[in-house]
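Chains U and W are the protein sequences, given in the same order.
Under our numbering, read the first sequence as residues 7 to 314, first letter to last.
Under our numbering, read the second sequence as residues 7 to 314, first letter to last.
Glycine included, each C-beta is placed from N, C-alpha and C at the ideal position.
Report on the following structure.
Number of protein chains: 2
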Amino acid sequence: MRHMLALKYVDAVARAGSIRGAAEVLAITPSALNRRILAIEEELDIEIFERHAQGVRLNSAGELFIHHVRAQMADLERVRSQIADLSGVRIGHVRIATTKEIGGRLLPRLIQAYRADFPGVTFSLHAYDRGQVEQQLHNLEADIVVMFQPLRLADMQVISHQQQHLSVAMAADHPLAAQPELRLVDFLEHNPLLPPRGEGIREIVEAACVKKGLNCKPTIESDDSALLRHLARQGAGLALDLPLTISASPQESELAYRPFKAHEIEPGFLFVGQLHKRNLPVAARKFADQLREMFEREMERLPKIETP
Amino acid sequence: MRHMLALKYVDAVARAGSIRGAAEVLAITPSALNRRILAIEEELDIEIFERHAQGVRLNSAGELFIHHVRAQMADLERVRSQIADLSGVRIGHVRIATTKEIGGRLLPRLIQAYRADFPGVTFSLHAYDRGQVEQQLHNLEADIVVMFQPLRLADMQVISHQQQHLSVAMAADHPLAAQPELRLVDFLEHNPLLPPRGEGIREIVEAACVKKGLNCKPTIESDDSALLRHLARQGAGLALDLPLTISASPQESELAYRPFKAHEIEPGFLFVGQLHKRNLPVAARKFADQLREMFEREMERLPKIETP
DNA sequence: TTAAGCGTTGCAAAAAAGGACACACCCGCA
DNA sequence: TGCGGGTGTGTCCTTTTTTGCAACGCTTAA
Numbered sequence: 007m008r009h010m011l012a013l014k015y016v017d018a019v020a021r022a023g024s025i026r027g028a029a030e031v032l033a034i035t036p037s038a039l040n041r042r043i044l045a046i047e048e049e050l051d052i053e054i055f056e057r058h059a060q061g062v063r064l065n066s067a068g069e070l071f072i073h074h075v076r077a078q079m080a081d082l083e084r085v086r087s088q089i090a091d092l093s094g095v096r097i098g099h100v101r102i103a104t105t106k107e108i109g110g111r112l113l114p115r116l117i118q119a120y121r122a123d124f125p126g127v128t129f130s131l132h133a134y135d136r137g138q139v140e141q142q143l144h145n146l147e148a149d150i151v152v153m154f155q156p157l158r159l160a161d162m163q164v165i166s167h168q169q170q171h172l173s174v175a176m177a178a179d180h181p182l183a184a185q186p187e188l189r190l191v192d193f194l195e196h197n198p199l200l201p202p203r204g205e206g207i208r209e210i211v212e213a214a215c216v217k218k219g220l221n222c223k224p225t226i227e228s229d230d231s232a233l234l235r236h237l238a239r240q241g242a243g244l245a246l247d248l249p250l251t252i253s254a255s256p257q258e259s260e261l262a263y264r265p266f267k268a269h270e271i272e273p274g275f276l277f278v279g280q281l282h283k284r285n286l287p288v289a290a291r292k293f294a295d296q297l298r299e300m301f302e303r304e305m306e307r308l309p310k311i312e313t314p
Numbered sequence: 007m008r009h010m011l012a013l014k015y016v017d018a019v020a021r022a023g024s025i026r027g028a029a030e031v032l033a034i035t036p037s038a039l040n041r042r043i044l045a046i047e048e049e050l051d052i053e054i055f056e057r058h059a060q061g062v063r064l065n066s067a068g069e070l071f072i073h074h075v076r077a078q079m080a081d082l083e084r085v086r087s088q089i090a091d092l093s094g095v096r097i098g099h100v101r102i103a104t105t106k107e108i109g110g111r112l113l114p115r116l117i118q119a120y121r122a123d124f125p126g127v128t129f130s131l132h133a134y135d136r137g138q139v140e141q142q143l144h145n146l147e148a149d150i151v152v153m154f155q156p157l158r159l160a161d162m163q164v165i166s167h168q169q170q171h172l173s174v175a176m177a178a179d180h181p182l183a184a185q186p187e188l189r190l191v192d193f194l195e196h197n198p199l200l201p202p203r204g205e206g207i208r209e210i211v212e213a214a215c216v217k218k219g220l221n222c223k224p225t226i227e228s229d230d231s232a233l234l235r236h237l238a239r240q241g242a243g244l245a246l247d248l249p250l251t252i253s254a255s256p257q258e259s260e261l262a263y264r265p266f267k268a269h270e271i272e273p274g275f276l277f278v279g280q281l282h283k284r285n286l287p288v289a290a291r292k293f294a295d296q297l298r299e300m301f302e303r304e305m306e307r308l309p310k311i312e313t314p
């Protein structure tokens with residue numbers, strides 16, 4: 007939209023942290039960009055950016071303004087998709103932010119199914135750590151978030167949440183696979199493969215260890231859950247997974263999953279959320295609906311772990 | 007704001023119902039305006055207006071778009087006032103839509119008090135019939151509405167509501183002023199002065215008459231409540247008022263107020279509201295707060311009419 | 001002290017927007 | 001049925017706005 011150019015410029019400068027940097031991204035000269043920023047500040051009758059020697063930074067008025075700008079841009083997208091929706095072809099773009107546990111396992115099938123119905127809809131899918139996920143939502147850079155163990159639920163409107171008992175992934179021929187359920191000490195003593203501190207799964211394991219006075223020292227630590235699963239399949243140790251990500255992804259026959267012994271470890275929660283009070287574009291809203299349905303369907307299918 | 011010119015143009019055309027008409031309002035030539043409209047339609051990749059021989063009209067895509075445009079303009083105002091507020095001076099403009107019963111009696115004092123604290127805030131105040139009031143809210147042409155007996159509460163977020171028993175206004179020396187409370191038949195037989203059909207007060211009286219099988223024929227009917235009150239003061243008959251508008255306006259010693267006999271007539275409700283989910287500009291929000299407080303304070307002061 | 005980065009400014013060129021006018025069209029009315 | 005007044009729109013030309021280029025003054029880090 008041509009008429010939002012000025013706002014795009016402000017957004018770019020705020021992101022880049024400098025006028026020259028933003029100018030390069032926008033493929034215009036710094037002087038032109040600078041003049042537009044000055045013009046906007048004059049119209050608002052207040053400065054939006056603090057000028058420093060190494061660039062610019064939003065001041066408090068600027069924070070207010072940039073929030074308006076981003077909300078406006080997001081809302082325009084919503085209107086466009088709504089308009090497209092009434093002319094028959096559903097188009098749009100759905101931006102999803104996830105934590106690493108979710109990875110590429112939970113969503114691909116659903117996205118593919120959705121795109122089969124609406125090929126005009128495109129997706130972007132990025133994994134961050136937990137704090138960043140929530141910030142993506144706040145900055146309107148993500149429409150939907152899927153995350154395990156949110157830090158703060160502020161600003162987040164829950165679309166669906168499901169309780170998840172951690173499940174131990176191991177090679178099918180692993181000796182412990184003979185047991186129907188595992189004790190925490192056994193897990194810790196057979197080469198635990200864990201995500202780094204700060205992620206939701208790790209947090210839960212650490213909490214359980216503290217409670218039992220055990221020492222949690224992973225054999226291998228990685229932020230790539232596919233890598234950990236791969237190692238488990240090769241017999242390198244024991245990885246952890248969430249029931250939903252197991253259930254919703256293609257079966258890997260070489261892997262066996264076993265639950266922990268009841269009450270040894272607390273369950274966590276998998277959340278799907280959007281920004282509080284925000285009107286999502288049609289495409290994102292419909293996708294979120296399907297996501298919720300899929301979650302509920304899959305949780306139905308899963309063997310119930312009773313918590314009496 | 008210069009960067010919203012295009013949107014202002016669309017809004018003007020939608021309002022005027024023709025490009026030439028809007029062009030005159032905007033003080034530009036029709037051809038220039040036409041080109042901008044065409045450009046916007048091209049950017050949206052869809053037509054916004056239906057072209058007819060007698061002008062243009064929004065199509066359904068246009069309805070969606072114009073709603074976005076107006077929301078955007080309103081939100082920008084909010085941000086401006088928020089920015090101004092953080093630099094200490096509260097500025098802004100508060101647009102109030104009321105029904106005629108409210109008239110100029112309920113609000114002037116409060117507005118004056120508010121402006122004494124914040125002279126940078128200006129007000130506009132218009133009276134409409136009930137349907138139009140709600141439409142003003144919906145079209146973002148009013149920030150706050152004050153109305154008696156809303157038709158539909160859709161889209162309206164209630165800021166405050168107060169039950170109001172109608173009170174009969176008469177000359178202080180009117181024979182009926184001797185009675186502590188009036189019967190409906192007495193009211194009807196002593197020259198009732200009523201607002202026209204469609205307004206809230208009239209609706210309540212009509213309902214009470216239907217219930218009792220009485221005939222409601224006002225001696226004088228007018229949409230100007232000040233005029234009716236004036237007539238009552240001169241002994242021309244009996245007018246009706248709401249407790250809050252009496253209480254909050256300067257005392258008129260020549261007027262006596264008497265309640266109806268209990269249960270003869272249903273009470274109505276006076277509402278203060280804003281558009282559902284909308285973020286009001288600072289000035290409007292603070293004013294709405296004061297309005298609510300004033301209502302509650304005044305209702306406290308009023309003699310309670312018990313409804314056992 | 002120097003060098004590199006930054007925002008900012010004057011000036012000329014390019015681009016966008018606007019004005020004036022003419023045209024084609026549709027509608028109500030004679 | 002033709003006519004007049006209303007509409008949106010296209011074209012040419014002028015005016016205004018925006019941009020690119022080069023230079024300046026400034027702060028910071030080496």
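Among the options, which has the Cα closest to the Cα of residue i?
{"i": "Ala-177 (chain U)", "options": "U:Leu-246, U:Val-62, U:Thr-105", "result": "U:Leu-246"}
{"i": "Met-162 (chain W)", "options": "W:Ala-242, W:Asn-145, W:Ser-173, W:His-171", "result": "W:Asn-145"}
{"i": "Lys-218 (chain W)", "options": "W:Arg-86, W:Ser-93, W:Ser-255, W:Glu-270", "result": "W:Glu-270"}
{"i": "Ala-122 (chain U)", "options": "U:Gly-206, U:Gly-204, U:Ile-97", "result": "U:Ile-97"}
{"i": "Asp-179 (chain W)", "options": "W:Phe-301, W:Tyr-263, W:Arg-21", "result": "W:Tyr-263"}
{"i": "Asn-65 (chain U)", "options": "U:Ile-34, U:Ala-20, U:Ala-77", "result": "U:Ala-20"}
{"i": "Phe-275 (chain U)", "options": "U:Ile-210, U:Glu-140, U:Tyr-120, U:His-236", "result": "U:Ile-210"}
{"i": "Glu-227 (chain W)", "options": "W:Val-216, W:Arg-235, W:Pro-202", "result": "W:Pro-202"}
{"i": "Ile-207 (chain U)", "options": "U:Glu-272, U:Arg-158, U:Val-278", "result": "U:Glu-272"}
{"i": "Glu-187 (chain W)", "options": "W:Gln-88, W:Asp-91, W:Phe-266", "result": "W:Phe-266"}
{"i": "Arg-298 (chain U)", "options": "U:Ile-108, U:Gln-168, U:Asn-221, U:Ile-89", "result": "U:Gln-168"}
{"i": "His-196 (chain U)", "options": "U:Thr-225, U:Lys-14, U:Val-216", "result": "U:Thr-225"}
{"i": "Glu-69 (chain W)", "options": "W:Ala-148, W:Arg-307, W:Val-16, W:Ala-232", "result": "W:Val-16"}
{"i": "Phe-154 (chain W)", "options": "W:Met-10, W:Ile-43, W:Glu-47, W:Ala-103", "result": "W:Ala-103"}
{"i": "Leu-39 (chain W)", "options": "W:Glu-258, W:Gly-279, W:Ile-25", "result": "W:Ile-25"}
{"i": "Pro-36 (chain U)", "options": "U:Ala-22, U:Glu-48, U:Glu-49", "result": "U:Ala-22"}
{"i": "His-171 (chain U)", "options": "U:Ala-214, U:Leu-281, U:Leu-234, U:Leu-248", "result": "U:Leu-248"}
Keeping to the same chain, check which residues put their C-beta closer than 8 Å to that of residue i; ignore five residues upstream and five downstream.
{"i": "Ala-238 (chain U)", "result": "Ala-175, Met-176, Ala-177, Leu-199, Leu-244, Ala-245, Leu-261"}
{"i": "Lys-283 (chain W)", "result": "Gln-163"}
{"i": "Arg-158 (chain W)", "result": "Glu-140"}
{"i": "Asp-229 (chain W)", "result": "Lys-106, Pro-201, Pro-202, Glu-205"}
{"i": "Val-75 (chain U)", "result": "Leu-13, Val-16, Asp-17"}
{"i": "Ala-183 (chain W)", "result": "Met-176, Ala-177, Ala-262, Arg-264"}
{"i": "Ala-242 (chain W)", "result": "Asn-197, Leu-199, Thr-225, Ile-226"}
Ordered along the chain, which non-local residues of its own chain (more than five positions away) have a Cβ less than 7 Å from that of residue i?
{"i": "Phe-193 (chain W)", "result": "Val-174, Leu-244"}
{"i": "Glu-304 (chain W)", "result": "Leu-250, Ser-253, Ala-254"}
{"i": "Leu-220 (chain W)", "result": "Leu-190, Val-191, Leu-194"}
Might you give, ordered along the chain, the residues of its own chain that have their beta carbon closer than 6 Å to the beta carbon of residue i, omitting 5 neighbours on each side?
{"i": "Thr-313 (chain W)", "result": "Caution is warranted here: a pLDDT of 38 is assigned to Thr-313 (chain W), below 50, making its placement in the model unreliable, and the coordinate value is therefore given only provisionally. So no residue of the chain qualifies."}
{"i": "Ser-130 (chain W)", "result": "Arg-101"}
{"i": "Glu-56 (chain W)", "result": "Arg-63, Asn-65"}
{"i": "Val-95 (chain W)", "result": "Gly-126"}
{"i": "Asp-91 (chain U)", "result": "Val-288"}
{"i": "Gly-61 (chain U)", "result": "Gly-23, Ser-24"}
What whole-angstrom Cβ distance do residue i and residue j have, given they're in contact under 8 Å?
{"i": "Ile-54 (chain U)", "j": "Ala-67 (chain U)", "result": "6 Å"}
{"i": "Ile-277 (chain W)", "j": "Pro-156 (chain W)", "result": "Looking at the sequence provided, one finds Phe at residue 277 (chain W) rather than Ile. Yes, they are in contact, since the Cβ atoms of Phe-277 (chain W) and Pro-156 (chain W) sit about 6 Å apart, within 8 Å."}
{"i": "Ile-150 (chain W)", "j": "Phe-293 (chain W)", "result": "7 Å"}
{"i": "Arg-84 (chain U)", "j": "Asn-285 (chain U)", "result": "6 Å"}
{"i": "Ile-52 (chain W)", "j": "Ser-93 (chain U)", "result": "6 Å"}
{"i": "Arg-8 (chain U)", "j": "Glu-47 (chain W)", "result": "That belief does not hold up - the Cβ atoms of Arg-8 (chain U) and Glu-47 (chain W) are roughly 12 Å apart, past 8 Å."}
Within the region 47-75 of chain W, ranges of the beta strand (DSSP E) (whole runs, at least 3 residues): 55-58, 61-64
Residues from the region 40-61 of chain W in contact with chain U, defined by Cβ distance under 8 Å: Ala-45, Ile-46, Glu-49, Leu-50, Ile-52
Against chain U: residues of the region 134-147 of chain W by CB proximity under 9 Å: none
Proximal residues, the region 151-181 of chain U versus chain W, C-beta separation under 9 Å: none
Selection of the region 275-294 of chain U by Cβ proximity to chain W, strictly under 8 Å: Lys-283
Near-chain U residues of the region 15-28 of chain W (beta-carbon distance less than 8 Å), N- to C-terminal order: none
Secondary structure, alpha helix (DSSP H): runs of 4+ residues fully inside the region 196-278 of chain W: 206-218, 231-239, 249-253
Complete runs of the beta strand (DSSP E) confined to the region 125-159 of chain W [at least 3 residues]: 127-134, 150-154
Cβ-based contacts, 9 Å cut-off: residues of the region 97-121 of chain W near chain U: none
Contacting positions in the region 195-206 of chain U - beta carbon closer than 7 Å to chain W: none
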